[in-house]
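Colleague:
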Amino acid sequence: MMSLKQRVFSLAVLLLVLGLALAACGSKATSTPAPAATQAPAATEAPAATAAPKPVTIEVYYPVAVDAPIAKILNGYIADFEKANPNITVKPVFSGGYGDVKTTIQTTIEGGGKPPVLAVMLAADLYDLVNAGYVVPLDDFIKAMPNGSAYINDFFPAFMANSRYDGKIWSIPFQRSVVALYYNADLFQQEGIQPPNSWQALAEAAQKLTIPNKRWGIEWPSGWPYWLFQPLAIGSGQNIVKSPTEVVFNDPKVIAAVQYYIDLSHKYQAMPEGVQKNWGNAPADFAKGAAAMIVHSSGSLSGILSQAKFKVGVMAVPGKAPGTYATVTGGGNFYMLKGATPEQQQAAWKFIEFITQPKYAADFSIQTGYIATRKSAYDTDAMKAYIAKVPQAGQLKDMLQYAGAELSCMNLGKVRNIFHKYLQAAYNGQMTPEEAMQKAQQEADKALEMFK
Amino acid sequence: MSAAAPPLSHRKAPKWLPYLLVSPTLVIVLVFTAWPTVQAVYMSFFRQYLNFAKFRTPTFIGLHNYRELFTSPDFLQVLKNTAIYVAGTVPASIVLAFLFALLVNRAVKGIGLARLGFFYPTILPMVSAATIWMFFFTPDYGLFNSLLETLGYHGPENWLGNPHLALLAVMIVAIWKNAGYLMIFYLAGLQNLPEDVFEAASLDGASWWTQLWKIAFPLLRRTTLFVSTIAIIDAFQVVDHIFVMTQGGPSGASTVLLYYLWQVRFEDQNVGLASALTVVLIVIMLAITITNFVLSEREGA
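For the record, the sequence lines run as chains A and B.
Its first residue numbered 1, the first sequence is counted upward by one per residue in my numbering.
Its first residue numbered 1001, the second sequence is counted upward by one per residue in my numbering.
In structure tokens:
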């Protein structure tokens, strides 16, 4: 039996343990990612006597769930940057996909925490990010450059399409891609088929190359369908987005594009029926010969080239009218987030400038398969040598002339989900293309109404 | 220790002591459960969009969010999907769990391996499991279609893209994932059953089936109750595989309540509507928990 003293003692210990546990829980709950990390921890390292710039630490969020070993490549660039700027420490945070990065930043800001200084987020998320007040405009930094407008004009205009809003520039292109049509050039030659230059020619080529139960003429993923659909709409003569508050789903030309996709399976029997959940498999199917053509991201080029044992052709998606082509841009840009100190913002801009230099833009493109964002990157020796070896990389760049703007508007999440719902309903034959697109238009108009 | 203590010293313990002792738990429950619930109820009466400056400040709109929910065909579809998902996965995983437990509750050589086999899906993170299953469900050459073909069925192939099969596909993954986990509880239950009862039954000539159905199963009633509770909660709360496999599609065919809540909150950034959805989810969970509690009390008596 315990004495009273012993009991009080054990009680005290118990309380202490509970208190510690509680404190641990509490601090875990309130410490949203960054705060401590953003205060320069290296303060003591800088010799106080010299006039060296004050040490600054910036955090940068990257999505890693993309088609390349991003983390390894970026860590190399960061090391170069820190060597050139000894007072700046860059802390990269690699997390999930684009959605995860956005959600993390959203919850951090709304929870009253400190977001990272820089993040790579979808170019198409522009309006949501600006309207939510998460990001800062970059014009002042650009103006402060000795050659600011030349810097901006060196980026491909198609990649800058989703950077401007309200007369300001909000993001700088970084890892960008386009939709490409990949074709098995050996098969084309065998069958005497020319690279298709119209919808009709594409359908006929696909039909001719189909061998039932063995090879599809074409695979065209549609599990998350708006992006790969857009080249069809653009090639039909009407992109699905017109302005930040206006989408065009029920135009006869868009409906014709939906019908064409369905025809590839139903009329030509050249493509799997209905919604195709094969984003991940399509490049492998193509490389092993189970599909003669696929429509996919330009980011899949290096993966395909390393697997395919035949000559791989890439081109823009043929349009409806003979001799027309279409594609659409995609991918992520650098955004600067609110809440950083002026020193951190300066450091962050320096980092953007550094990593978008032609040399790094070219290297990033060569290593990942993304399209280099700047024209001058294609003048570097490294890029010239690469294109001499892999001409497809140059062809992808040339497709930018046919590129339309990616679906980007106010209330994007909602509008995109509406479009997906009805586009898939049409693909699966639950509605006619006409009926589906009319309904999509109605619902989207309602979702955009109050944002006007 | 207090039971054995003399009544005198017992009376000396300060009255506030018990409150102090429960206070950590209480604080945690208040901060992380009660307060967010209150906040969700409150916010469900407001309009607030985080993706537009004009609507960032909440405006009171009464029951509008609830009206919007219950007149939305999307939400009714989501409720229907959720009902099918829960009703389909919970009983199936429980029955399988019980069968697995019976199978591995034997002292045979190598039984550990069998137990590991059944339990293995539990160790796998849901996202990895879903990724593996995506390949099983692949059209043309996926494992599932190959299996069906060997059985002579050249049937629907496009599991995840077909609006009539997508929900079933994610349910199959959930059952496969959960059955092994729930098996552990039945296995523990079975091993704790008194052997003499079964011996006596055997002497009386009761068949294996009678023993199982009339003795083991009733004795395991408590376990079943516990297992069903966590299975139901899991069914509402685990949607990782939907993110990986179908993104709720095609056309919302595999969207369940929690996934929809995520979409409304983080894609649409519609805080008011998301709060109303949270309230609906809480009410459903509360109803199920209370029903379960009442049932268990009745059986306990």
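C-beta atoms are modelled at their ideal positions from N, C-alpha and C, and glycine is treated no differently.
On the three-pair Cβ rule with 8 Å, is the stretch 251-268 of chain A touching the stretch 1011-1025 of chain B?
Modeller: They do not touch, by the three-pair rule.
Colleague: Give the secondary structure of residue 389 of chain A by DSSP, where H, G and I count as helix, E and B as strand, and everything else as coil.
Modeller: Looking at residue 389 of chain A - three-state DSSP - the assignment turns out to be helix.
Colleague: Taking 7 Å as the cut-off, decide whether the C-beta atoms of residue 250 of chain A and residue 441 of chain A are in contact.
Modeller: Yes, the Cβ-Cβ distance between residue 250 of chain A and residue 441 of chain A is below 7 Å.
Colleague: Identify which residue in B:1294, B:1199, B:1045, B:1242 has its Cα closest to the Cα of residue 1270 of chain B.
Modeller: Of B:1294, B:1199, B:1045, B:1242, the residue nearest in Cα terms is B:1045.
Colleague: Between the beta-carbon of residue 1257 of chain B and the beta-carbon of residue 1078 of chain B, is there less than 7 Å?
Modeller: In this structure, residue 1078 of chain B lies closer than 7 Å to residue 1257 of chain B by Cβ.
Colleague: Using the beta-carbon of each residue, which ones in chain A are nearer than 7 Å to residue 1053 of chain B?
Modeller: 131, 133, listed in chain order.
Colleague: Where does residue 76 of chain A fall in DSSP's three states?
Modeller: Of the three classes helix, strand and coil, the one that applies to residue 76 of chain A here is helix, per DSSP.
Colleague: Using the C-alpha atoms, what's the distance from residue 120 of chain A back to residue 101 of chain A?
Modeller: Cα to Cα, residue 101 of chain A sits roughly 8 Å from residue 120 of chain A.
Colleague: Counting only Cβ pairs nearer than 9 Å, list the residues of chain B close to residue 272 of chain A.
Modeller: Ordered by position in chain B, the residues that pass the 9 Å Cβ test against residue 272 of chain A are 1139, 1140, 1157, 1158, 1161.
Colleague: When you compare the stretch 314-328 of chain A with the stretch 234-246 of chain A, are there three or more beta-carbon pairs, one atom per stretch, that lie closer than 8 Å?
Modeller: With a cut-off of 8 Å, the stretch 234-246 of chain A and the stretch 314-328 of chain A count as touching, because enough Cβ pairs lie within range.
Colleague: Could you work out which residues of chain B lie near residue 104 of chain A, taking near to mean beta carbons separated by less than 7 Å?
Modeller: In chain order: nothing, as chain B lies at least about 11 Å away.
Colleague: Looking at residue 408 of chain A: is its Cβ nearer than 7 Å to the Cβ of residue 138 of chain A?
Modeller: No; because the gap between Cβ atoms is not below 7 Å, this pair is not in contact.
Colleague: Any contact of the stretch 1170-1189 of chain B with the stretch 1115-1130 of chain B, i.e. 3+ C-beta pairs under 8 Å?
Modeller: A contact exists between the stretch 1170-1189 of chain B and the stretch 1115-1130 of chain B.
Colleague: Quick one: what does DSSP say residue 274 of chain A is sitting in, helix, strand or coil?
Modeller: Residue state, collapsed to three classes: coil.
Colleague: For residue 1185 of chain B and chain A, any beta-carbon pair shorter than 7 Å?
Modeller: Closer than 7 Å: no.
Colleague: I'd like the span of the alpha helix (DSSP H) that includes residue 442 of chain A, first residue to last.
Modeller: Looking at the DSSP string, the run of the alpha helix (DSSP H) that includes residue 442 of chain A is 433-449.
Colleague: Would you decide whether residue 116 of chain A is buried or exposed? Buried here means 16 or more other CB atoms lie within 10 Å of its CB.
Modeller: It counts as buried.
Colleague: Is there contact here, the stretch 177-191 of chain A with the stretch 1197-1214 of chain B, by at least three beta-carbon pairs under 8 Å?
Modeller: Counting Cβ pairs under 8 Å, fewer than three are found: no touch.
Colleague: Within 7 Å of any Cβ in chain A, is that where the Cβ of residue 1266 of chain B sits?
Modeller: Interface residue, yes.
Colleague: Can you give the Cα-Cα distance for residue 429 of chain A and residue 298 of chain A, rounded to whole angstroms?
Modeller: Cα to Cα, residue 429 of chain A sits roughly 29 Å from residue 298 of chain A.
Colleague: Report yes if the CB atom of residue 281 of chain A is closer than 7 Å to the CB atom of residue 1138 of chain B, and no otherwise.
Modeller: Their beta carbons are under 7 Å apart, which means residue 281 of chain A touches residue 1138 of chain B by this criterion.
Colleague: With a Cβ-Cβ cutoff of 7 Å, do residue 318 of chain A and residue 202 of chain A count as a contact?
Modeller: Yes, the pair counts as a contact, with Cβ atoms nearer than the cut-off.
Colleague: Along the stretch 404-422 of chain A, what residues have a CB closer than 9 Å to any CB found in chain B?
Modeller: The stretch 404-422 of chain A vs chain B, Cβ under 9 Å: 410, 411, 412, 413, 414, 416, 417, 420, 421, 422.
Colleague: I need the straight-line Cα distance from residue 88 of chain A to residue 77 of chain A, nearest angstrom please.
Modeller: In a straight line, the C-alpha of residue 88 of chain A is about 13 Å away from that of residue 77 of chain A.
Colleague: Between the Cα of residue 105 of chain A and the Cα atoms of A:427, A:75, A:143, A:60, which residue gives the shortest distance?
Modeller: When only C-alpha atoms are compared, the closest one is A:60.
Colleague: Hey, does residue 425 of chain A have any beta-carbon neighbour from chain B nearer than 7 Å?
Modeller: Interface residue, yes.
Colleague: Taking residue 176 of chain A as the reference, give the member of A:191, A:432, A:342, A:399 with the closest Cα.
Modeller: Of the candidates A:191, A:432, A:342, A:399, the one whose C-alpha sits nearest the C-alpha of residue 176 of chain A is A:399.
Colleague: Is it buried or exposed for residue 447 of chain A, if we count other Cβ within 10 angstroms and need 16 for buried?
Modeller: Residue 447 of chain A comes out buried.
Colleague: Tell me, please, whether the CB atom of residue 275 of chain A is closer than 7 Å to any CB atom in chain B?
Modeller: So, interface residue.
Colleague: Can you tell me which of B:1216, B:1190, B:1037 puts its alpha carbon nearest to the alpha carbon of residue 1282 of chain B?
Modeller: Checking every option, the nearest Cα to that of residue 1282 of chain B belongs to B:1037.
Colleague: Count Cβ pairs between the stretch 1218-1233 of chain B and the stretch 1184-1192 of chain B that sit closer than 8 Å; are there 3 or more?
Modeller: Yes: at least three Cβ pairs fall under 8 Å.
Colleague: Beta-carbon within less than 7 Å of residue 415 of chain A's beta-carbon, same chain only, minus the 5 sequence neighbours each way: which residues are those?
Modeller: Within the same chain, residue 415 of chain A has close Cβ partners 247, 409, 444, 447, 448.
Colleague: Can you tell me the Cα-Cα spacing of residue 1082 of chain B and residue 1202 of chain B, whole angstroms?
Modeller: Residue 1082 of chain B and residue 1202 of chain B: Cα-Cα distance of roughly 44 Å.
Colleague: Any beta carbon from chain B within less than 7 Å of residue 451 of chain A's own beta carbon?
Modeller: It does: the Cβ of residue 451 of chain A has a partner Cβ on chain B nearer than 7 Å.
Colleague: Which whole-angstrom value is the C-beta distance of residue 58 of chain A and residue 93 of chain A, which I expect to be below 8 Å?
Modeller: The pair is not a contact, with the Cβ atoms about 11 Å apart (cut-off 8 Å).
Colleague: Apart from the five residues on each side of it in sequence, which residues of its chain come closer than 7 Å, Cβ to Cβ, to residue 265 of chain A?
Modeller: Excluding sequence neighbours, residue 265 of chain A sits near 271, 272, 273.
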